[in-house]
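Below is one structure; the comments refer to it alone.
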Amino acid sequence: MVLWVKHWYVMKNLIVSVLLLLKPVLLYSQVDTLWTANVLSENFRSKEIKTKADSLVADLSSASAYLTKDSRFILKQYSPGSVVTSSFGGASSEQSRVLWDGIDISSMASGVLDLSLVPASMLSSSALYNGINGGAIAPMGSVGALNLTATIPKGRGTSTLFSASSIGDRGFFGHSWGNIGTVRYQSSLRSTLGTNNYPYTIGNLSGTLNGNSFNDLTYLQSFQGKLSRWNWQSTLWYTQSEKDNSGSVLTPNYINHLEDEMLRFKYALRNRSNQWQVYLSREWQAYTDTNSSWIIQDTNRYSQATLQYSFRKEYQELFLTANIFSADGSNRNARAFLPHALYNLRLSKKDKVVLKGAGYQNNAHVGAHYVRTTARGNFQNQFALGTYYRLPTLNELYWNPGGNPALDPERSYGMKYSICREGSLRLELTSDQLYYDKMIQWTPGASGNWSPQNYYSVYTSSTTMTLARNWVKFNANMNLTHQYSRVLATMNNDPAIVGKSLIYRPVLQAVYTSEFKLTRGTLQLRGFYTGLRHTLRDNSAVGEISAQYWCALAYILSGANNRWNLLLQVDNVFNNERQYYQYFPMPGRSYLINLKLNSKR
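For the sequence shown, our numbering assigns the number 293 to the initial residue and increments by one for each residue that follows.
Right under this line is the structure:
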C-alpha cells in the first residue's frame, strides 16, 4: 500500500480536476451512443456466445479469466489473479494489442496490457479481432486485437454483486446507471482480492501454495450527452493493484512484489461524419523481483497522450492519430512520438482495403490489408491477405541494462480464409497463415544480460472451428483452435532452435459449453482442453507441459422477477493437474458462489 498512499493526493487532484472539467457539459442533453473505430465490422466477425453464467460473472470477472472460454485466447498466468501475459495467436504477446474504442492502450513500455486488471464488463460480443484482422486495425501490432468499450446500459438501475471462493477469493461489484437531467451516466466499482492458499499436485510434487496473494480495485465513471450538434462521451477509468509471486514450486519463497496504479481518461466528440477523441493516461509502478539471477528494484512512471480524428462516410473511414509516450524510472528514461494513419475503403459490396502507416524512430512503416467477402444462402465466405508491422516497445529499445536502440520493427505477411454458416446450426471455420521476418526476441548476450534482437524468421498457422446448436431447453457450443509454428531461421541459425515450435503456444485448445434449462434454474457444464506446450526454445522434453483437461459445473438461479441471481460453481470438478507456466500450479477443485442483486427503474 506504500505506493498507493504516496500517490493518493496526486490521483485525487487529477480525478477532481477531470470532474470539474466535465461539469459544464453536464448541462447539455443526452443522445445515443457514440460510434467508434469500426474497421472491418461489416465483414465476417466472430460473435460471442454468452450463457446465463457468463452474463452473471462478467461484471466481477477480469477480461483474462472471462476469455478462457475462447480457444483462440492464449493465456499465461502464475496463479489466479496474478499478472497475465496473453495473446490472440501470432508469435509473441506484444503482437496482439488492446484498444479502447479504437485507441491503442497497450503499454508502450512493456508492449503488453495486463488483462487481469481489465473488467470483463468492457468486452462486447464482438470485441475480438482475431488473426490478421487484428493486424489490420492495430496501430502498433500485427496479429489479434481486443477492442474495449464502456457502454452505458439503457434505462436506470443499480446492481450489486458479492463473490467468494474456497481458495480465499473475495469480490465486490457495484454498478449504477441512469440520468442526471438529460445526461446519461454510469458508475462502477470493482474490488477483488485473494490469498491463493490451495493444495497442489504436479507429477510427484505436492504441497500447499503460499505467498501469491493479490488485490485489485477498479473504478469506472462515464457520462454521455449532446453539445449543440455534437454528441460527446467522457470516461474516467482508475485501477490499483498489488500482486505477490513466491516463485515456482521448485524454488519457492522468493520475493516478487508488484504495485501498480493507473489513471485513464478518454473524451470523445462527434457529429454525423466526424469524431475527435482525446486519451490521457498515467501509470505508477513499483516492482521488486528476486526470482531471477538479478535482484531488480524498479520504480516506473508511464504516460500516454493521444489525439485521434476520424472521418466516416458510407464507403470509407479515415483515422488520424497522434501519440506521445514516455517511460521514466530506475531503468529507463525515454520518450517517443508516434503518428498513425489508417484508411478503410470499400471498393465494392464485396471488396474492402485497409491501408495503415506509422512514423516511429525516424522511419515510416506501412501496412496493407485486402478483404473480399461473399455470401450465398446461409454461407458467408471471407478471404483476406496483407502485410503488417509490429513496432518495438520503449523497454525493448531503451531498458537498462538490456535495451537495443538498433531494433527494427517486425514485418509479417499473412493470408486468412473464413467461412460461416448461419442458422439453427452455426458453423464457423477460420484459418490464418503468417510469415514473420525480423521477429523480436530477448536473447542472452555476451555479457550475460538479456537483450532483444531481430532474431527469427517464423511461420505460424492458426485454425479455429466453432460449432453451436440451440434447442428448446438445451444449448451447446464448442470452439477448437489448432496452432502450428516453425522457426525457419535465427540470427546464428542455431540448429537447436531452427525447425522447432514457438514456446508456450499450445498445439490444440478446445472449449466445450452446454447449458441445460431446468424447471428451476439453469445448469452449465464447460470443459477445457489445452494441448502440449514447449517452454524451452530447443523443444526438449524437460521443458514440455503435457496436455491438460479440466471442467467446471455451474448452477444459476434467479428470482423476484430477476431482482436476484445466484451462481454456484464447482471449478476443476475432477481435481486435475493444470498449469500455464511450468511448475506454477493452478488450483485443483474449488467452489465459488456469486450473489447479484438488481434494481431497475
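Beta carbons are placed, not taken as given, at the ideal position from N, Cα and C, and that holds for glycine.
Subject >> Nearest-angstrom Cα separation, counted from Arg718 out to Gly823 >> reply: What you label residue 823 is simply residue 531 of the sequence shown in a count that begins at 1. What you label residue 718 is simply residue 426 of the sequence shown in a count that begins at 1. Spanning the two alpha carbons is a distance of roughly 25 Å.
Original post:
What does a CB cutoff of less than 8 Å around Thr360 pick up in its chain, not counting 5 residues either side in sequence?
Top reply: Numbered from its first residue, the sequence shown carries residue 360 at position 68. For Thr360, where only same-chain residues beyond five positions count, the Cβ hits under 8 Å are Leu367, Val803, Phe820.
**OP:** Pick out whichever of Thr598, Ser457, Glu340, Ala428 has its Cα sitting closest to the Cα of Asn864.
**Re:** Sequence index remark: in the sequence shown, residue 864 carries index 572 (1-based). Nearest of Thr598, Ser457, Glu340, Ala428 to Asn864, Cα basis: Ser457.
**OP:** Helix, strand or coil for Glu609, going by three-state DSSP, please let me know.
**Re:** Here residue 609 refers to the residue found at position 317 when the sequence shown is read from its first residue. Taken through DSSP and simplified to helix, strand or coil, Glu609 comes out as strand.
**OP:** Go through the stretch 651-722 residue by residue and report every complete run of the beta strand (DSSP E) that reaches 3 residues or more, in order.
**Re:** 655-668, 671-682, 702-713
Original post:
By Cβ distance below 7 Å, which residues in the same chain neighbour Ser379 in space, the five residues on each side in sequence not counted?
Top reply: Residue mapping note: residue 379 aligns to position 87 of the sequence shown, counting from 1. Closer than 7 Å at Cβ, skipping near neighbours: Ile366, Ser385, Gln387, Ser388, Gly436.
**OP:** Starting from Ala802, follow the beta strand (DSSP E) in both directions and report where the run begins and ends.
**Re:** In the sequence shown, counting from the first residue as 1, residue 802 sits at position 510. 800-809 is the span of the beta strand (DSSP E), which, as asked, contains Ala802.
Original post:
Which stretch, first to last residue, makes up the beta strand (DSSP E) that contains Asn890?
Top reply: In the sequence shown, counting from the first residue as 1, residue 890 sits at position 598. Asn890 -> beta strand (DSSP E) spans 882-892.
**OP:** Per DSSP, which residues does Tyr559 bridge with? Please list them.
**Re:** Here residue 559 refers to the residue found at position 267 of the sequence shown. DSSP lists Ser526, Val570 as partners of Tyr559.
**OP:** Taking 8 Å as the threshold, find out whether the stretch 345-356 comes into contact with the stretch 443-458 through three or more Cβ pairs.
**Re:** The stretch 345-356 vs the stretch 443-458: in contact.
Original post:
Taking the alpha-carbon positions, what's the Thr755 to Gln725 distance?
Top reply: By 1-based counting over the sequence shown, the position of residue 755 is 463. By 1-based counting over the sequence shown, the position of residue 725 is 433. C-alpha separation (whole angstroms): 9 Å.
Original post:
Comparing alpha-carbon positions, which option in Tyr511, Arg564, Gln513 lies nearest Glu606?
Top reply: Sequence index remark: in the sequence shown, residue 606 carries index 314 (1-based). Nearest C-alpha to Glu606: Arg564.
Original post:
So Ala383 and Tyr728 are in contact, right, with Cβ under 8 Å, and what is the actual spacing, rounded?
Top reply: Translated into the one-based positions of the sequence shown, residue 383 becomes position 91. Translated into the one-based positions of the sequence shown, residue 728 becomes position 436. About 6 Å separates the two Cβ atoms, so the contact holds.
Original post:
How do the stretch 698-706 and the stretch 667-684 stand: do at least 3 beta-carbon pairs fall below 8 Å, yes or no?
Top reply: yes
**OP:** Would you mind reading off the limits of the alpha helix (DSSP H) that contains Val349?
**Re:** Stepping through the sequence shown from its first residue, residue 349 is reached at position 57. Where Val349 is concerned, the enclosing alpha helix (DSSP H) stretches over 344-349.
Subject >> Given 8 Å, three or more beta-carbon pairs between the stretch 524-531 and the stretch 548-567 >> reply: yes
**OP:** Please check if any C-beta of chain C sits within less than 8 Å of the C-beta of Thr591.
**Re:** The question asks about chain C, but that chain is absent: this structure has only one protein chain.
Subject >> Where the beta strand (DSSP E) containing Asn425 begins and where it ends >> reply: Counting from 1 along the sequence shown, the entry for residue 425 is found at position 133. Here Asn425 belongs to no beta strand (DSSP E); instead the alpha helix (DSSP H) covers 424-429.
Subject >> Where the beta strand (DSSP E) containing Phe457 begins and where it ends >> reply: As a position in the sequence shown, residue 457 is number 165, starting the count at 1. With the sequence shown as reference, residue 457 is identified as Ser, and Phe is not the correct amino acid for it. Per DSSP, Ser457 belongs to the beta strand (DSSP E) from 449-457.
**OP:** Determine the closest residue to Arg829 out of Leu759, Asn853, Ser753, Gln733, with distance taken between C-alpha atoms.
**Re:** Stepping through the sequence shown from its first residue, residue 829 is reached at position 537. For the residues Leu759, Asn853, Ser753, Gln733, the minimum Cα distance to Arg829 belongs to Gln733.
Original post:
Does the beta-carbon of Pro736 have 16 or more other beta-carbons within 10 angstroms, so that it is buried, or is it exposed?
Top reply: As a working mapping, residue 736 is identified with position 444 in the sequence shown. Pro736 is classed as exposed because its beta carbon has fewer than 16 other beta carbons within 10 Å across all chains shown.
Original post:
Should the stretch 866-877 be regarded as contacting the stretch 536-546, the criterion being three or more beta carbon pairs within less than 8 Å?
Top reply: yes
**OP:** Quick one: give me the first and last residue of the alpha helix (DSSP H) that Tyr358 is part of.
**Re:** As a working mapping, residue 358 is identified with position 66 in the sequence shown. Note, Tyr358: alpha helix (DSSP H), 355-358.
Subject >> When Phe629, Leu610, Phe611, Leu612 are compared against Ser619, the one with the closest alpha-carbon >> reply: The residue you call residue 619 lines up with position 327 of the sequence shown. With the sequence shown as reference, residue 619 is identified as Ala, and Ser is not the correct amino acid for it. Ala619 has its Cα closest to that of Phe629, out of Phe629, Leu610, Phe611, Leu612.
**OP:** Helix, strand or coil for Lys641, going by three-state DSSP, please let me know.
**Re:** Indexing the sequence shown from 1 puts residue 641 at position 349. Of the three classes helix, strand and coil, the one that applies to Lys641 here is coil, per DSSP.
**OP:** Return the CA-CA distance between Asp461 and Asn502, expressed in angstroms with no decimal places.
**Re:** Along the sequence shown, read from residue 1 onward, the residue named residue 461 stands at position 169. Along the sequence shown, read from residue 1 onward, the residue named residue 502 stands at position 210. Linking Asp461 to Asn502 through their CA atoms gives a straight-line distance of about 14 Å.
Subject >> Close-in-space but distant-in-sequence residues of the same chain around Glu720 (CB under 6 Å, 5 per side omitted) >> reply: One-based indexing of the sequence shown puts residue 720 at position 428. Take Glu720, set aside five residues on each side of it, and the residues of its chain with a beta-carbon closer than 6 Å to its own are Cys712, Thr758, in chain order.
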